[in-house]
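One structure is given below, encoded as structure tokens.
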Ligand code: APR
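In our numbering, the protein residues as written are 21 to 272.
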């Protein structure tokens, strides 16, 4: 792959880089995205039945079972070259802030030292009633069946049902994560958006915040589209190809 000299210079000279990731960065690890036609989760499952508090109230075991299936997919997956390139980039620039919409732990498992999760984490379930998290991590299921009903464990403190630790449609994003992500976007020199459709707000606002603050913005997506707003550069490429090549071209 070849890159515009101006993009390589922007990366080499950046004092603060923000990397903003979506489901596409985990696609090459075998984790389904949400909106890719045919293969995306929302093409195969009904979000209103699985990704809302109302759905959990209506059928806790269907929702808990589905997220256990997603946990088992992540557990069986490995970080891909995109995750590893982002982790490596943190050691090549003065400051890197990694902001993800993803709820998997593949960035952490690739070695990224700090990850801002805007939409929560599969590995952080909490009580639906009292919001407390379990004392110890829950065992990872070998859950092959996305449709199997699994009764959620009971909270050790109040007996309420544990819920997945993700942000559901209609719920607010964690304020601390949002504040940190927006502060980084307002103060970075370069924002690299990778593997996101850019349709879910407020997270999708982050590249635009960086753009308005004068940062250079790069989008990496095999299917970049008008949804990706203002940007200086767009690479119509898979994350696992573009990111390692970009880091290599800029710093080798
Ligand atoms: N490399 C880079 N991008 C890819 C790859 C790849 N290998 N494969 C697919 N993509 C792109 C797709 O073209 C698509 O634009 O990744 C994007 C994934 O978009 P979505 O499925 O909408 O995922 P995301 O943008 O992360 O969704 C945001 O929506 O449902 C909510 O909470 C959920 O966090 C999620 C949010």
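Note that the Cβ used here is the ideal one computed from N, Cα and C, for glycine as well. Quick caveat, the model's predicted, so the values are computed rather than measured.
Check: Out of 30, 173, 224, 32, which has the shortest C-alpha to C-alpha gap to residue 83?
Finding: For the purposes of this step, residue 83 is taken as residue 63 along the chain shown, with counting starting at 1. Checking every option, the nearest Cα to that of residue 83 belongs to 173.
Note to self: With a threshold of 7 Å (Cβ to nearest heavy atom), would residue 54 be considered close to the ligand APR?
What the structure shows: Walking along the chain shown from the start, residue 54 turns up at place 34. Yes, since a heavy atom of the ligand APR falls inside the 7 Å radius drawn around the Cβ of residue 54.
Next item on the list: Within 10 angstroms of the Cβ of residue 256, are there 16 or more other Cβ atoms? Answer buried if so, exposed if not.
Entry: Numbered from 1 along the chain shown, position 236 holds the residue referred to as residue 256. Result: exposed.
Checklist line | Rounded straight-line distance, which links the Cα of residue 31 to that of residue 209 | finding: Walking along the chain shown from the start, residue 209 turns up at place 189. Walking along the chain shown from the start, residue 31 turns up at place 11. Straight-line Cα distance between these residues: approximately 9 Å.
Check: Can you check whether the CB of residue 124 is closer than 8 Å to the CB of residue 94?
Finding: One-based indexing of the chain shown puts residue 94 at position 74. One-based indexing of the chain shown puts residue 124 at position 104. Going by C-beta atoms, residue 94 is nearer than 8 Å to residue 124.
Note to self: Please list the terminal residues of the continuous beta strand (DSSP E) segment that includes residue 254.
What the structure shows: Looking up residue 254 in the chain shown gives position 234. Per DSSP, residue 254 belongs to the beta strand (DSSP E) from 253-255.
Check: Thinking just about the alpha-carbon of each residue, which of 194, 41, 37 is nearest to the one in residue 102?
Finding: For this step, residue 102 is matched to residue 82 along the chain shown. Per the Cα distances, 41.
Notebook entry, point to check: Quick one: is residue 189 buried, meaning 16 or more other Cβ sit within 10 Å of its Cβ, or exposed?
Noted result: To locate residue 189, count along the chain shown from 1; it is residue 169. Answer is exposed; the Cβ neighbour count stays below 16.
Margin query: Let me make sure I understand the geometry here. Which of 88, 37, 106, 133 has the alpha-carbon closest to that of residue 265?
Written below: The sequence position of residue 265 within the chain shown is 245, counting from 1. Closest option to residue 265, Cα to Cα, is 106.
Margin query: Please determine whether the Cβ atom of residue 216 lies at a distance below 7 Å from any heavy atom of the ligand APR.
Written below: Numbered from its first residue, the chain shown carries residue 216 at position 196. Yes, the beta carbon of residue 216 sits closer than 7 Å to at least one heavy atom of the ligand APR.
Next item on the list: Report yes if the C-beta of residue 48 is less than 7 Å from at least one heavy atom of the ligand APR; otherwise report no.
Entry: The residue you call residue 48 lines up with position 28 of the chain shown. At least one heavy atom of the ligand APR is nearer than 7 Å to the Cβ of residue 48, so yes.
Notebook entry, point to check: Given residue 45, which residues of its chain have a CB within under 6 Å of its CB, disregarding the five upstream and five downstream residues?
Noted result: Residue numbering aside, residue 45 sits at position 25 when the chain shown is read from its first letter. Contacts found: 102, 214, 215, 259.
Note to self: Less than 6 Å between C-beta atoms, sequence neighbours within five positions excluded: which residues of the same chain meet that for residue 35?
What the structure shows: In the chain shown, residue 35 corresponds to position 15, counting from 1. Cβ within range, chain order: 114, 209.
Check: Since residue 38 contacts residue 205 with CB under 8 Å, what's their CB separation in whole angstroms?
Finding: Position 18 of the chain shown, counting from 1, holds the residue named residue 38. Position 185 of the chain shown, counting from 1, holds the residue named residue 205. Indeed, because the Cβ distance is near 6 Å, the residues count as touching under 8 Å.
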